[in-house]
Amino acid sequence: MAANHGERTRRRLSTAERREQLLTVGARLFSESPYDDVWIEQVAEIAGVSRGLLYHYFPTKRDFFAAVVERESERMLRLTAAVPGVPVREQLTAGLDAYLEHVRAHAHGYRAFHRADAAGDRTVRRVYRRALAVQERQILAALAADPEFGPLFQQRPDVRLAVRGWLAFTTAVCLEWLRGSDLSREQVRDLCARALLGVLAG
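If you're matching positions, the sequence shown starts at 17 in my numbering and goes up one per residue.
Now the structure itself:
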């Protein structure tokens, strides 16, 4: 009896841990199925909680998916934040290495994040598009402050569009890589780096 009680105690999660557990389950389900095909009951069953407890954390399915997307966007924005004073060329390889390692380690979350734009819910799409806009601004700010690439902003009105296109390219490459590409992380990194530098040099 004491052992069983101890086992239950060890399994009890804090509020933050339970929320993280639910978001992890949600990321997996949303990465594997369209938004409309995921049911809250599935999440609760896999997590081993009641549906009522899940609704306590996330009042609606929309709130739940938005939280999954928001969590992934926060992770990615931390990874793509520029280091002040360090040239963009020096940051690019290390930044892409960290980004790709994250993509591989959190494949479900990454796929779920990029499914958000196809979701029928405007609130979820807004969370997704806001995160991409912040990521774009981070990259543009780093380029603008860079001695090599900064002058491009005066000479090339297409830089903003080029960066947006590069983000879409990198996303497509990463999603294909996760499907089982034969390319190594280093090869994917170099491909993405060449694509950005090529666009900027064009």
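Backbone N, C-alpha and C fix where the C-beta goes; we use that ideal spot for every residue, glycine too.
Query: Collapsed DSSP secondary structure at Phe74 in the structure displayed; Result: coil
Query: Own chain residues within Cβ distance below 8 Å of Leu70, not counting five before or after; Result: Leu38, Ile56, Val59, Ala60, Ala63, Phe80
Query: Span of the alpha helix (DSSP H), counted from its first residue to its last, around Ser47; Result: 31–48
Query: Phe165 (DSSP reduced to helix, strand or coil); Result: coil
Query: Beta-carbon separation (whole angstroms), Val179 vs Leu168, contact threshold 8 Å; Result: The pair is not a contact, with the Cβ atoms about 11 Å apart (cut-off 8 Å).
Query: Alpha helix (DSSP H) runs wholly inside the stretch 61–143, at least 4 long, in chain order; Result: 67–73, 77–96, 104–121, 123–131
Query: Cα-Cα separation between Ala18 and Arg28, rounded to whole angstroms; Result: For Ala18, the predicted model reports a pLDDT of 46, less than 50, meaning its position is unreliable; a value from the coordinates is still stated below. Computed Cα separation, rounded: 16 Å.
Query: Beta-carbon separation (whole angstroms), Thr96 vs Tyr115, contact threshold 8 Å; Result: 7 Å
Query: Whole-angstrom C-beta distance between Arg146 and Asp133, which should lie under 8 Å; Result: Their Cβ separation, rounded to whole angstroms, is 12 Å, which puts Asp133 and Arg146 out of contact at 8 Å.
Query: Range covered by the alpha helix (DSSP H) that runs through Trp193; Result: 175–194
Query: Alpha-carbon spacing of Val143 relative to Tyr51, whole angstroms; Result: 15 Å
Query: Span separating the alpha-carbon of Asn20 from that of Tyr73; Result: Low local confidence applies: a pLDDT of 48 at Asn20 is under 50, so the model's placement there is unreliable, with the coordinate-based value given in what follows. If you take the alpha carbons of Asn20 and Tyr73, they lie about 27 Å apart.
Query: Distance between beta carbons of Arg138 and Phe46, contact taken as under 8 Å; Result: The pair is not a contact, with the Cβ atoms about 17 Å apart (cut-off 8 Å).
Query: Gln151 vs Leu183 beta-carbon contact at 8 Å; Result: yes
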